[in-house]
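In our numbering, the protein residues as written are 99 to 418.
All C-beta atoms, glycine included, are put in the ideal place defined by N, C-alpha and C.
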């Protein structure tokens with residue numbers, strides 16, 4: 099059963115905000131998720147929403163698309179800024195340290211790749227490298243539209259992916275291209291969604307495509323885990339681009355992936371209204387959790403617990 103966490107609402111508020119992807123706060127004591135121009139923090143110890151932090155993010159379509167990112171060493175957090183920018187914040191005193199503007203569309207994701215460098219991606223078909231302290235755009239790499247980013251600090255690499263199944267492996271400090279792969283669209287095997295289920299989930303259409311929406315590094319540091327709109331999660335080798343495993347079963351796009359390394363688990367979230375738990379070492383599906391709606395905001399695995407945002411709720415369930 100899902101544990102449900104409520105938002106801390108201002109006086110007169112009734113609904114709260116739709117929530118983006120959950121993130122472990124740099125202090126290691128809270129789970130955070132962004133809403134409309136603010137970030138909510140829930141205590142890991144009590145489950146209570148303890149803080150609401152104002153940001154400069156403007157959600158043009160009413161929902162937060164940016165995936166929060168943080169780094170623990172200096173306690174910094176990356177969040178969207180205005181419509182097409184992003185900002186780095188000091189999480190301890192909630193002070194905006196710097197802003198980064200230049201993308202032509204909303205920033206989808208970003209990462210602090212070193213003490214003084216930030217990488218961001220956007221659907222404007224570019225990845226950008228920034229000076230974390232001055233906000234200077236140091237390099238712009240032209241790509242197709244990008245929606246997913248995964249940083250591998252130990253290897254000094256950033257993987258970014260998006261339209262047409264493209265996966266770019268980039269050197270984190272320069273954006274030099276190490277490799278470019280194109281993931282072919284798989285033929286999905288799944289139980290089709292009935293009309294009643296589509297109505298319940300709020301799905302108008304669910305045609306597959308090979309757009310990549312999620313990336314994560316395998317614990318071995320050699321393989322990438324990809325969530326795709328072909329309804330399939332893929333594992334590919336980062337040196338060859340060869341697909342070595344596929345997880346079949348979702349009936350709509352795989353929008354989010356998360357890894358539990360100590361137990362060898364892969365978690366996937368889909369617009370089919372479910373979150374699935376798989377073995378990383380096989381294609382076995384170990385659990386299916388129904389969240390009841392297509393609007394997932396993201397996944398996080400922390401300390402043996404799976405956290406999911408769906409519409410205006412933060413949910414959690416132990417990984418059995």
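Who are the near neighbours of residue i in its chain, counting only those whose CB is closer than 8 Å to its CB and skipping five residues on each side?
{"i": "residue 127", "result": "141, 142 and 143"}
{"i": "residue 337", "result": "277 and 320"}
{"i": "residue 231", "result": "195, 196 and 214"}
In chain order, what residues of the same chain lie with their CB nearer than 6 Å to the CB of residue i, ignoring the 5 residues before and after it?
{"i": "residue 196", "result": "186 and 233"}
{"i": "residue 300", "result": "392"}
{"i": "residue 103", "result": "140, 145 and 412"}
{"i": "residue 259", "result": "246, 265, 310 and 313"}
{"i": "residue 339", "result": "279"}
{"i": "residue 333", "result": "321, 323, 342 and 343"}
{"i": "residue 379", "result": "362"}
{"i": "residue 169", "result": "210"}
What is the residue span of the beta strand (DSSP E) that residue i lies within?
{"i": "residue 105", "result": "No beta strand (DSSP E) contains residue 105, which DSSP labels as neither H nor E."}
{"i": "residue 196", "result": "193-198"}
{"i": "residue 312", "result": "310-315"}
{"i": "residue 166", "result": "Here residue 166 belongs to no beta strand (DSSP E), and DSSP marks it neither H nor E."}
{"i": "residue 185", "result": "183-188"}
{"i": "residue 353", "result": "352-358"}
{"i": "residue 258", "result": "255-260"}
Who are the near neighbours of residue i in its chain, counting only those whose CB is closer than 7 Å to its CB and skipping five residues on each side?
{"i": "residue 179", "result": "154, 155, 185 and 197"}
{"i": "residue 353", "result": "311, 312, 325, 367, 368, 369 and 394"}
{"i": "residue 188", "result": "173, 174 and 195"}
{"i": "residue 269", "result": "254, 255 and 276"}
Alpha carbon to alpha carbon, how far is residue i from residue j?
{"i": "residue 190", "j": "residue 410", "result": "25 Å"}
{"i": "residue 414", "j": "residue 100", "result": "6 Å"}
{"i": "residue 199", "j": "residue 351", "result": "30 Å"}
{"i": "residue 236", "j": "residue 294", "result": "50 Å"}
{"i": "residue 117", "j": "residue 279", "result": "32 Å"}
{"i": "residue 242", "j": "residue 305", "result": "21 Å"}
{"i": "residue 330", "j": "residue 407", "result": "21 Å"}
{"i": "residue 382", "j": "residue 283", "result": "21 Å"}
{"i": "residue 261", "j": "residue 220", "result": "11 Å"}
{"i": "residue 451", "j": "residue 290", "result": "Residue numbering for the chain in the displayed model covers 99 to 418; residue 451 lies beyond these limits and cannot be assessed."}
{"i": "residue 167", "j": "residue 177", "result": "7 Å"}
{"i": "residue 271", "j": "residue 110", "result": "46 Å"}
{"i": "residue 218", "j": "residue 206", "result": "8 Å"}
{"i": "residue 105", "j": "residue 150", "result": "9 Å"}
For residue i, is the beta carbon positioned less than 7 Å from some heavy atom of the ligand SAH?
{"i": "residue 332", "result": "Looking at this structure, you won't find the ligand SAH or any other ligand, since it has none at all."}
Between which two residues does the alpha helix (DSSP H) containing residue i stretch?
{"i": "residue 152", "result": "From DSSP, residue 152 is part of no alpha helix (DSSP H) but of the beta strand (DSSP E) over 147-152."}
{"i": "residue 293", "result": "293-299"}
Evaluate residue i with the Cβ neighbour count: other Cβ atoms within 10 Å of its Cβ, from every protein chain shown; 16 or more gives buried, anything less gives exposed.
{"i": "residue 132", "result": "buried"}
{"i": "residue 375", "result": "buried"}
{"i": "residue 192", "result": "exposed"}
{"i": "residue 318", "result": "exposed"}
{"i": "residue 163", "result": "buried"}
{"i": "residue 263", "result": "buried"}
{"i": "residue 175", "result": "buried"}
{"i": "residue 224", "result": "buried"}
{"i": "residue 418", "result": "exposed"}
{"i": "residue 112", "result": "exposed"}
{"i": "residue 165", "result": "buried"}
{"i": "residue 209", "result": "buried"}
{"i": "residue 252", "result": "exposed"}
{"i": "residue 386", "result": "exposed"}
{"i": "residue 152", "result": "exposed"}
Based on the DSSP output, what are the partners of residue i in its beta bridges?
{"i": "residue 416", "result": "403"}
{"i": "residue 209", "result": "217"}
{"i": "residue 344", "result": "332"}
{"i": "residue 383", "result": "376"}
{"i": "residue 364", "result": "357 and 376"}
{"i": "residue 121", "result": "130"}
{"i": "residue 321", "result": "335"}
{"i": "residue 228", "result": "216 and 235"}
{"i": "residue 396", "result": "407"}
Any Cβ of chain C within less than 8 Å of the Cβ of residue i?
{"i": "residue 116", "result": "In summary, chain C is missing from the structure at hand, where a single protein chain is found."}
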